[in-house]
Structures are given as structure tokens and as C-alpha cells.
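**Student:** Listed in order, the protein sequences are those of chains A and B. The first sequence: position 38 = 22 (this note's numbering), numbered continuously. Position in the second sequence (first residue = 1) + 2 = this note's numbering. A virtual CB, placed ideally from N, CA and C, is assigned to each residue, including glycine.
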Amino acid sequence: MKTTMPNWIAWIAAAACAAALATAVAEDTTAAKEQFIPLLVYRTGPYAPNGTPWANAKQDYLKLINARDGGLNGVKLTYEECETEYKTDRGVECYERLKGKGPTGAALFDPQSTGITFALTERAPVDKIPLITVGYGRSESQDGEVFMWNFPLLGTYWTAADVLVQHIAKKEGGFDKLKGKKIALMFHDSPFGKEPIPLLEERARLHGFELIKIPVTPPGVEQKSVWLQVRQLRPDYVLLWGWGVMNSTALKEAQATAFPRDHLLGVWWSGAEPDVKDVGEGAKGYSALTIQYGAGMSNVQKDILKYVHDKGQGTGPREEVGTVLYNRGLLVQMLTVEAVRRAQERFGKGKAMTGEQVRWGLENLTLDQKKLDALGFGEMLKPLHTSCPDHIGASYARIQTWDGSRWLPGDLYEANQQIIMPMVRSAADAYAASKKITPRTAQECQS
Amino acid sequence: MLYRENGQFKTSYSADQQLLPIAQDRWLVIALVASSFLAVPLLASDYALRALIIPFLILTIAAIGLNILVGYCGQISLGSAGFMGVGAYLAFNLTLRIPQLNFLVVLLLSGGSAALVGIAFGIPSLRIKGLYLAVATLAAQFFLDWAFARVRWFTANSPSGSVSTNPIVMFGWTVERPVDKYLLVLGLLCLLTLAAKNLTRSHIGRAWMATRDMDVAAEVIGVRPLTAKLSAFAVSSFYAGVAGALWGFVHLGSWEPAAFSVTMSLNLLFMIIIGGLGSMPGSFFGAAFFVLLPLLLNRIPAMLGIDLSTAMKSHMEAMIFGGLIVLFLAIEPRGLARLWAIGKEKLRIWPFPH
């Protein structure tokens, strides 16, 4: 087999595809204008308690836009869910299943899992569908010159780890006080958990603290030996990098081993109601990050109650609206919808956008305070702005503390991009070299 | 009536000993292979190829490998996913470090190294038997899991422990489109199936089966247990290694150590038990059962127009799938391949059963 395929097969295939396309196009002109948004979710399995509010919010926000605004400039937002169970192979199957749905195909994917993001990063450029990974995914993908199709908007694990170190330094009274301290990273043993390690190693080198890496085997229901290690090594701080059932287990074990809860700091995936609710008072003092805004009701949630839940259209229980992960799901979907809106501004208002056009929208997204206020997200987000080299938009994170019954918002930090950027550069360059990608130049970015 | 061999006379030993002695079988297999090579690439959608058919074909290779070990040689192994991982990580490192290497050579080398690892972990089988061996091979699985997650060389220092591959290029053929991937995997599967079938019919295969049926008796009639058992481990792990490399390069494209976890090992073992131990079609049936059926079950409600919640669909899938496993094993403990064989026997005398 010297060439890709015998020519005649290719010709027949092409003819068949053309025929299929022709019929498809003929049907579409009669169909209503629809923008298809695929929803990869997990409502079953060990990560379901955390995945469900996120998934419900993603659906509720689309329902809100359809009900309140009559769609996006008249384009109805349609969606279909696919259950991944947080498994990479099922996620890839879901992606393949949903990528071609709707008149213009999938607008973008929010994989809800770092493992699935890694797998889809290889496929997205081929299919020309962008990925948004708000607060997760590949950290180096904030470099849009190399990672054209990845958008880790609002934060990556490197910005999260950076903010946590800043918070510890603040608690200790300065970065110089970190010298000689022991900081343990207790992580979900998967790409998700390992992502922050390079940044923490860099910070450890800068400030002279010792980094102890403690892997927890997913899903993390068994942590006795891990916490025995904590008791032996006596770290000053433990950074909890867990998801799903691993978080509540860790908090229970921390309580059992009497590790001071205020020295246990979680990433933004370890700081939601399902993680602490069962532990209640036992988790008092535990702090975790949140992407700018934790639990609470802003204008958008009120609209959702009014236009979606009051009409009996709510996806999940009413009490869930305003919880941490629900709010994050709203953020994700708002960014999705705004990217499509931005794309429409350039490629035609009132039209359904292709993945390629949505990608342009994501890359040229500017949400200033006025826009955020109008969207009902004014209190939840600081202004953000993306560009070709910068696919993250903003890198703020807030510390929130559990008081035994609810999350109290604390200080807002911004990640130190002076430390992160050189690491992003070198990791992205290494990726580009191994994949033989030429980073886009400023000129190519314009198109 | 349709399936009768009346009038098919064999006039030589080689005609009598050929792979498919009955003409109808021969034509069926030829038609199947021809249609898989010619019709499927034209008819199947990208989704069907990428999400259903390619994983099914790759897992069939792994299942054939495991069937050689468990079904033909009687050595229970729970480490097959680990051996797949050896193949995948070695292929990854080879293509990374020696990019000009032909992918077929990469496959051979990764299969070969998986075979070596398989032999090493097969040594305990000389002393340990049955369920105890299963536990010993489980240790191999956990050791390999640990190695892929902790030894940085395997993942080429990837900070997240996740590796990603480049498109396969061989003989100027870039295997990038789903159709190309499909043809590559299908070609390899055909070759490997033929090789496995012939191996099991040779003196090596007879030695395996003698060991499986009664190892003391096999030793008495002159089968060396050492070579019989270790060769089964080697061939089985070779198949697993090739399947692992294909799973990583062709199906996933990017994977984390969890892709080759113990769950995969167990699934492979269940595949060959459901499909039929010691049978080539059994490996195909088992892989199809495990890859295609869950996805079909997941999509049936939507196809019928029944609006179920996502969680409900997922729960239904698990429940019905589990129920079907029990049902099929209750009907025929020797697997789907045995059901297939019984069907053929019945067809032979239909419509005049004795």
C-alpha cells in the first residue's frame, strides 16, 4: 500500500459523501436556525456528586437563553447530553457521537475532565472544533499560538497552584518565611492531579520550601496509608488536589488524624458543597480555591429561577442553584454562549456558527464590566479579554473558607504570570516540536 | 439444507486438514473478509469507524492473545492490560526517540518486548496453578501500572503522566483518516488471527492444549511444561503488546496510565469467557459484546424515541449489560462461540432433525 488508498475507492467515497451532504444541506434550509452545543457530562460513577450540578447548570443556562432572549440573535440553542462517567474512552466516544450534530456541527466541547481533554486535544484540530476547559485541562494550552483549539479560560492548574502558594505566603507573612517549610501535594493520581507539580517545583526552588508529593489512587476512597504518610512527614501545609469522593474522604481522614484543617488547602475542584457537607463541622476552617466566585446568588441565578425553574423546566433540584459547582457550570456556559455571540458579530448575526467560527469568537472575547453586568455576571467575574497568544483571559482566583455550614468568600489573588509564562512557553514549545506544529505568527493570528 | 457438506469429498490429507474444511464456512469467511476490506470503508461513517469498529478490532487482537494463554494453555492471567501497556509505552518511546522507524517495526518491537515481559511474569506459572496464578499475574498488572505512573522514562518526562502520539507514517502512507486506521488495524487483525489459528493447530498448540487439559499427563507424553507455558505467555503477551500499541496510537492518540489499568485486564478476561475460551470466533464475539453492546444499549432509548435522563440511560446500560452477561452464561457457559457452533450443528441437519 504505497498511497493512502486506491483511487477509485476515494472517488466513490467522495461521491457518496457529496450526495449525503447535498441531501443534508437541502434539509437544513427548511429547518429552523439552530446552534448545537454538545454537553459531555457525568451523572453516574464516583464523580457524579460533583459532575451533576455542573451538568445541570450547563443545561439550565441554555434553557435560560432560549426562554428569556429567544435564543442567540434568533438562533435557538440546542443541546444533547452524553454520559462519559469521567472515563477517557467513553468521553472520546461521546465526542465522536456529538461532533457532527446540528446544522453546523458542535460549536465547542467542554469535556469536564482533564483526561478527556488530553485525548481530545489531538482530535480537535483535525475536526476544527474548539475545546474550552475552564479551570482545568492542559496548563500549557494557555499559549494560543501553539494550542490554537484549546481555551483554558479563567485559570489552569498552574495558576491555581500559584495562587495557593501566594496564599500560604500571605498566611505565613511573606515569601521569605516559606523557606524550610514542608508543603505536601496530595493529588488524584491522574493527569489532573499531576498537572500542578511543575509549577510547585518551580515555586519550591524559588522560595526554598520542600515539596512532598503524595499520590492518591483514583477514585480515592481508600486513604488510610496516605494520611499515615502525612502523620509521619508532618508537612506544614497540605494541598488537596482531589475530585469527587476523594475530597470528602480526605477531609474525614484529616479530621481522624487531627491534621489542622486550616492548613489544608484545596484546589477549586476540591471546594464545593458535596465535598464538605458530609463532614460538616469536621471540615471547619478548611479553605479551598474558587474561580473568582463561589456559592451565592447573583442576577443570573435569579433569572434562571424565574425563567427556567418557575416554569418547571429546571434540570436539577431548585436548591442546587447558587451552589459552587452549579455557578461554575453557569460560567462555562456563559463563556460558550458569548463566544458564539462574538463569532456572530463577525460572521453574521442570526446565523448558526461552525466550530471554526466559534474558535475565532473564543479568541477575540472581550467581556468588560458593563457586558458582565448586562449578562447578570457582574458580581461573579472580573473583566476578561482573550487574544491569540493568551487563551486564558484572566487568572484570578479567590480563597473561600468552610465555616461548618457554608462557604465564606475570602481574598482574591491573581496568579503571577511572570513565573507561569516562561513555563508555559517552554512546555508549549516542547509540544510544538514533538507535534511539528509551527506556532502562529502575529500575522496569522489576524485571520 | 443450506449448510450441508454432502458431496464435498476430500481426496487428500491437506484438503481434509485445511483451516475451513466446509465450503460454506470458507465462502462465509471469504465474504466477510472481502466485505470488511471493501464495503465497510465505503459504508461506515466516521463515527462508526472511530468509536465502534476500530476499538472492537483492536480489542479482538488482545482477546485472541489472552485466549491463547487462558483458553488454549489454561493459564489464567489478570495482567493482560499491563502487557498492552508495555507495548503502548514502548511504541511511544520508540517513535519519539527514533522517529524514522517504520511503524510495523515499532509494532514488532513493542510486541516483542511485551513478550519478554510476559515471559518474565510467566515464570511463576511453572509452580503456581489456577486461581493462584491469577493472583500472581495480578501482581504483574499492579507492578506495571506502578511503573508507567512512576518511572519517568516511559512517559518521556511528561509532567502530567499523559502521553500523546504523532500520526503513523509507513511506506509513505499517513494513517490519519479513520478509514486508513481501519484498514491498518483490519489488515493486522487478519494476519494475527491467521497466525494464531495456525499456531493452535501446530505441535505448539497441541502442547498448550495438553498442558491445559492435564499438565501431569502432558509431561508424561513428552510435553515440556516449561516451553509450553512460557511460549503461551510469550505469544499471548506479543498479541497484547501489539494491541496495546494500536490502542494507544490508533484509537486513543493520547493516553494516561489508567488506560491500561486492571479494569481493562478484567474486561479482557470477561470478553474471552463470554465469547468462548479456546476459540478464535469466541475472541471476536467477546470483543464485540464488550465494545459494541454497551454503546448500543446506551443509544437504544434515543433510537426508539424514549426520552430518558442521561443518568437513567447510563444506569440502564449497566443493568441490562450485566443481566445479559448472566443470561448468556446461563444459557451456554462455554460462551457465545459455543452457541454459534450449536447453531451450525442444528443448521446442518435442518429441516430433518433426527
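#1: In the stretch 36 to 89 of chain A, which residue ranges form an unbroken alpha helix (DSSP H) of at least 4 residues, counting only runs that do not cross its ends?
#2: When we look at the beta-carbon of G174 of chain B and count the other beta-carbons within 10 Å, is it buried (16 or more) or exposed?
#3: Quick one: which chain B residues come within Cβ less than 7 Å of P182 of chain A?
#4: Buried or exposed for W142 of chain A, going by 16 or more other Cβ atoms inside 10 Å?
#5: Can you look up G296 of chain A in the DSSP assignment and give me helix, strand or coil?
#6: Express the C-alpha separation of R154 of chain B and R52 of chain A in angstroms, rounding to a whole number.
#7: Taking three-plus beta-carbon pairs below 8 Å as touching, is the stretch 299 to 312 of chain B in contact with the stretch 59 to 74 of chain A?
#8: Determine, using beta carbons only, whether D220 of chain A and K166 of chain A come nearer to each other than 8 Å.
#9: Can you have a look at H253 of chain B and say buried or exposed, based on whether 16 or more other CB atoms are within 10 angstroms of its CB?
#10: Just checking F330 of chain B against the ligand FMN - is the residue's beta carbon closer than 7 Å to any of the ligand's heavy atoms?
#11: For the candidate residues B:S162, B:L110 and B:A122, whose alpha-carbon lies nearest to that of A103 of chain A?
#12: Report yes or no: is there a C-beta of chain A within less than 8 Å of the C-beta of T312 of chain B?
#13: Between the Cα of G433 of chain A and those of A:E18, A:E106, A:P87 and A:Y120, spot the shortest distance and give me the residue it belongs to.
#14: Say whether chain A places a C-beta atom closer than 8 Å to the C-beta of I344 of chain B.
#15: Quick check on N8 of chain B: does DSSP put it in helix, strand or coil?
#16: Rounded to the nearest angstrom, how far is the Cβ of S82 of chain B from that of A242 of chain B, given a contact under 8 Å?
#17: With C-beta atoms as the reference, is N69 of chain B less than 8 Å away from I308 of chain B?
#18: For G345 of chain B and L191 of chain B, I'd like the C-alpha separation in whole angstroms.
#19: How should G67 of chain B be labelled, buried or exposed, when 16 other C-beta atoms within 10 angstroms of its C-beta is the threshold for buried?
#20: Three Cβ pairs or more, each shorter than 8 Å: is that satisfied between the stretch 248 to 265 of chain A and the stretch 145 to 159 of chain A?
#21: Hey, how far is the Cα of W210 of chain B from the Cα of P406 of chain A?
#22: What residues in the stretch 23 to 40 of chain A have a beta carbon less than 7 Å from any beta carbon of chain B?
#23: Does G121 of chain A get closer than 8 Å to chain B when you measure Cβ to Cβ?
#24: Tell me, please, whether the CB atom of F135 of chain A is closer than 8 Å to any CB atom in chain B?
#25: Can you name the residues that DSSP bridges to T350 of chain A?
#26: With a threshold of 16 other CB atoms inside 10 Å of the CB of F11 of chain B, please say whether the residue is buried or exposed.
#27: Along the chain, where does the alpha helix (DSSP H) that runs through G345 of chain B open and close?
#28: Which of helix, strand or coil does DSSP assign to Q19 of chain A?
#29: CA-CA distance, A193 of chain A and L169 of chain A?
#30: Would you identify the three-state DSSP class for Q150 of chain A, choosing helix, strand or coil?
#31: Quick one: which chain A residues come within Cβ less than 9 Å of L254 of chain B?
#32: Quick check: L368 of chain A and Y277 of chain A, are their CB atoms within less than 8 Å of each other?
#33: Checking 8 Å against the spacing of the C-beta atoms, do G119 of chain A and L92 of chain A come in under that value?
#34: Do G278 of chain B and G325 of chain B come within 8 Å of each other at the CB atom, strictly closer than that value?
#35: Taking only beta-carbon positions, decide if R214 of chain B is within less than 8 Å of chain A.
#36: Give the residues of chain B in contact with S174 of chain A, contact being defined as C-beta atoms less than 7 Å apart.
**Tutor:** Taking the definition as stated:
#1: 72 to 82
#2: exposed
#3: P161
#4: buried
#5: coil
#6: 52 Å
#7: yes
#8: yes
#9: buried
#10: For the ligand FMN, the structure offers nothing, since it holds no ligand at all.
#11: B:S162
#12: yes
#13: The requested residue 433 of chain A is not part of the displayed model; chain A covers only -15 to 431.
#14: no
#15: coil
#16: 5 Å
#17: no
#18: 25 Å
#19: buried
#20: yes
#21: 58 Å
#22: V25, R27 and T28
#23: no
#24: no
#25: A:H369
#26: exposed
#27: L338 to I351
#28: strand
#29: Checking the sequence, you will find Phe at residue 193 of chain A rather than Ala. Cα to Cα, the separation comes out at about 12 Å.
#30: helix
#31: T72, D73, V76, A103 and E106
#32: no
#33: no
#34: no
#35: no
#36: E258 and A260
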